[in-house]
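Reviewing the structure listed below.
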Amino acid sequence: AYLTLPTLCSLLRPGSRLRLEDFPPRVVEHPSDLIVSKGEPATLNCKAEGRPTPTLEWYKDGERVETDKDDPRSHRMLLHSGSLFFLRIVHGRRSKPDEGVYVCVARNYLGEAVSRNASLEVASLSDGAGDTGNLSLSLSLSPPPVLTFWQFLPQIRGGKLMISDTRKSDAGMYVCTATNMVGERDSETAELVVFERPTFTKRPVNQVVLADDTVDFHCEVQGDPVPTTRWRKEEGELPRGRFEIQSDNTLRLARVGSEDEGTYTCVAENSVGKVEFSGTLTVHVPPQIVVRPRDQIIAQGRSVTFVCETKGNPPPAVFWQKEGSQTLLFPSQPQPSGRFSVSPKGELAITGVQSGDSGYYMCQAISVAGSILAKVLLEVEDVSSDRIPPIIRQGPANQTLAVDSMAQLQCHVTGNPLPSVHWLKDGQRILGNDPRISMLNNGTLQITNTQVSDTGIYVCVATGSSGETTWSGYLEVQGDPTRILSSEPDLLPGPPSKPVVLDVTRNSVTLTWEQSQHQGGSEVTSYIIEAFR
């Protein structure tokens, strides 16, 4: 037992002093499992040492055992040595007060010590290997006879043949012969049956494998009666349709994946006892690139981001490298130029793009399970290029919805080639980990069973070879449905009138237009003017 200083101080009463020679309890003799007959006496031994001398208490199945110290009429006696003595074992069909799992607890003011578990089982006709077997004989002869048990010459006390630490070889037929000066008499034969608790001859072991491998957990046991075995997974169920228990009790798992990781336990049991042993399974999944980076054409001076989303078990390390360069770009690692950075999610960002940045870039993911590489091309063109960036024709509108409704945030884009679309919520990329959130083929973000936590600013990002375009909208989810507007959330306002040019200068233009009378699902708060050169 170990005590922290606060615990030790709490145990000392005011005015008491801790003596250097004192020490906490420790159990020096642990109780052993017992199998005894109904009505017979039994003893569970327990011895502890400590200074001051510890007091001992017994617990059965977590409950304190009542002894003669509590009730003088009790058939359980707490001996001076600390052992628990049963005058007789009480056992019936409905009441089994003495059968169970026992521990003894030794305490003094410095702490406590708990013994190992000891099970007490009641058996009437057989002995388990390792127990003490008793063969009794009651004869009335005068003068008192000399008793002899044939087959062995073990210890005989009062007509009882006692065999300690019984073994399988002790099983057999026994005869007691009583002899005095008048003659001798043989008893009827008595059969001793020795059962064996289950023991492992081959145990399951911890294993580390690759995904899609086949795994065998071995479990070979012996015992008498022959033990029954079963398997369980500590963290859930065995994988349906992919496991097989073979004739030698081996558990075979086919096509394992990361979801099969956990602890697998083999349990062996017979009428004498039960044992179990476990092995853990770790499944390594090679790295995979979930979202591959796309080739991009960018103008000088602008910024560009390459997405490289990966997965694997263990999670792979991600780094970038430009073809022909020896420099490796790792996440959150400062770079000499300051224009290159890699996010913890593996995104490569380049600011203030220069013509020398053109070339191929490689995203590499590596782990103990393997590696994978994705190659992407960056083309840097002169600022005078007339390539049109992606156009968002219909973006997300501001919406106010009730809890448990469905939100649809539009993002219809055009461009040549067709740009890719992804979404941000409050500045963070939406990765699709929530099954309620999905992106439709037309770029629309759909959220089912809306929650208050879905409230925020959503940004549609359209990325193409000529640049990037964004459109944001605000979604508010309220728990009070009476405050929600009755109009459809995805009903867009009507278009304004055709713009009229009022004034044109060298670097500006003045436009005017009329607002539409159709407000749609939310009030128009601003207009966006897009200009290309």
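So the sequence shown is residues 1 to 533, counted in the UniProt record's numbering.
For glycine and all other residues, C-beta sits at the position ideal for the given N, C-alpha and C.
Quantities reported herein were computed from a predicted structural model and do not represent experimental measurements.
Reduced DSSP secondary structure (H/G/I, E/B, other) of residue i
i           : result
residue 338 : coil
residue 36  : strand
residue 137 : Since pLDDT at residue 137 reaches only 43, below the 50 mark, its modelled position is unreliable, and the value read off the structure follows with that caveat. Note: residue 137 maps to coil in three-state DSSP.
residue 124 : Bear in mind that the predicted position of residue 124 carries a pLDDT of just 48, short of 50, making it unreliable; the figure below should be weighed with that in mind. Reduced to three states, the DSSP call for residue 124 is coil.
residue 324 : coil
residue 278 : strand
residue 438 : strand
residue 169 : helix
residue 187 : coil
residue 262 : strand
residue 604 : In the structure displayed, the chain extends from 1 to 533; residue 604 sits before or after that span and is not available.
residue 25  : strand
residue 467 : strand
residue 216 : strand
residue 550 : Because residue 550 is not part of the residues shown, which for the chain are 1 to 533, the question remains open.
residue 453 : helix
residue 312 : strand
Counted within 10 angstroms of its Cβ, other Cβ atoms place residue i as buried (16 or more) or exposed
i           : result
residue 164 : exposed
residue 434 : exposed
residue 137 : With a pLDDT of only 43 at residue 137, under 50, the local geometry of the prediction cannot be trusted, and no value is derived from it.
residue 167 : exposed
residue 320 : buried
residue 53  : exposed
residue 346 : buried
residue 217 : buried
residue 270 : buried
residue 154 : Confidence is the limiting factor: at residue 154 the pLDDT is only 46, short of 50, which leaves the residue's position unreliable, though a coordinate-based value still follows. Exposed, by the Cβ-count rule.
residue 360 : exposed
residue 249 : buried
residue 298 : buried
residue 513 : exposed
residue 127 : In this predicted model, residue 127 has a pLDDT of only 44, less than 50, meaning its place in the structure is not dependable enough to derive any value.
residue 323 : exposed
residue 444 : buried
residue 440 : exposed
residue 118 : buried
Nearest neighbour of residue i, chosen from the options [CA to CA]
i           : options               : result
residue 22  : 302, 308, 38 and 109  : 109
residue 397 : 389, 420, 456 and 294 : 456
residue 511 : 74, 498 and 325       : 498
residue 525 : 507, 473, 502 and 228 : 473
residue 464 : 377, 244 and 220      : 377
residue 480 : 400, 421 and 412      : 400
residue 478 : 412, 454 and 459      : 454
residue 415 : 505, 469, 381 and 56  : 469
residue 75  : 422, 81, 63 and 90    : 90
residue 247 : 353, 253, 220 and 238 : 220
residue 391 : 349, 58, 460 and 356  : 460
residue 104 : 515, 60, 193 and 93   : 60
residue 34  : 100, 48 and 26        : 100
residue 92  : 78, 122, 71 and 77    : 122
residue 24  : 380, 55 and 31        : 55
residue 496 : 507, 505, 471 and 527 : 527
residue 231 : 252, 222 and 382      : 252
Span separating the alpha-carbon of residue i from that of residue j
i           : j           : result
residue 116 : residue 169 : 29 angstroms
residue 190 : residue 112 : 46 angstroms
residue 214 : residue 343 : 37 angstroms
residue 68  : residue 224 : 38 angstroms
residue 42  : residue 233 : 38 angstroms
residue 419 : residue 267 : 58 angstroms
residue 98  : residue 452 : 57 angstroms
residue 96  : residue 228 : 25 angstroms
residue 280 : residue 264 : 6 angstroms
residue 314 : residue 273 : 40 angstroms
residue 20  : residue 51  : 10 angstroms
residue 171 : residue 185 : 23 angstroms
residue 139 : residue 107 : Any reading at residue 139 must be qualified, since the residue scores a pLDDT of 42, below 50, and its modelled position is unreliable; no value is offered.
residue 502 : residue 509 : 8 angstroms
residue 179 : residue 277 : 52 angstroms
residue 330 : residue 338 : 13 angstroms
residue 203 : residue 211 : 23 angstroms
residue 431 : residue 341 : 20 angstroms
residue 66  : residue 44  : 14 angstroms
residue 531 : residue 395 : 17 angstroms
residue 462 : residue 239 : 41 angstroms
residue 49  : residue 80  : 13 angstroms
The region 423–433 contacting the region 255–266, beta-carbon criterion three pairs below 8 angstroms: no
Validate contact between the region 438–458 and the region 389–406 using beta carbons, cut 8 angstroms, 3 pairs: yes
Touching by the beta-carbon criterion (3+ pairs, under 8 angstroms), the region 368–380 and the region 281–291: yes
Three or more C-beta pairs below 8 angstroms linking the region 308–322 and the region 348–366: yes
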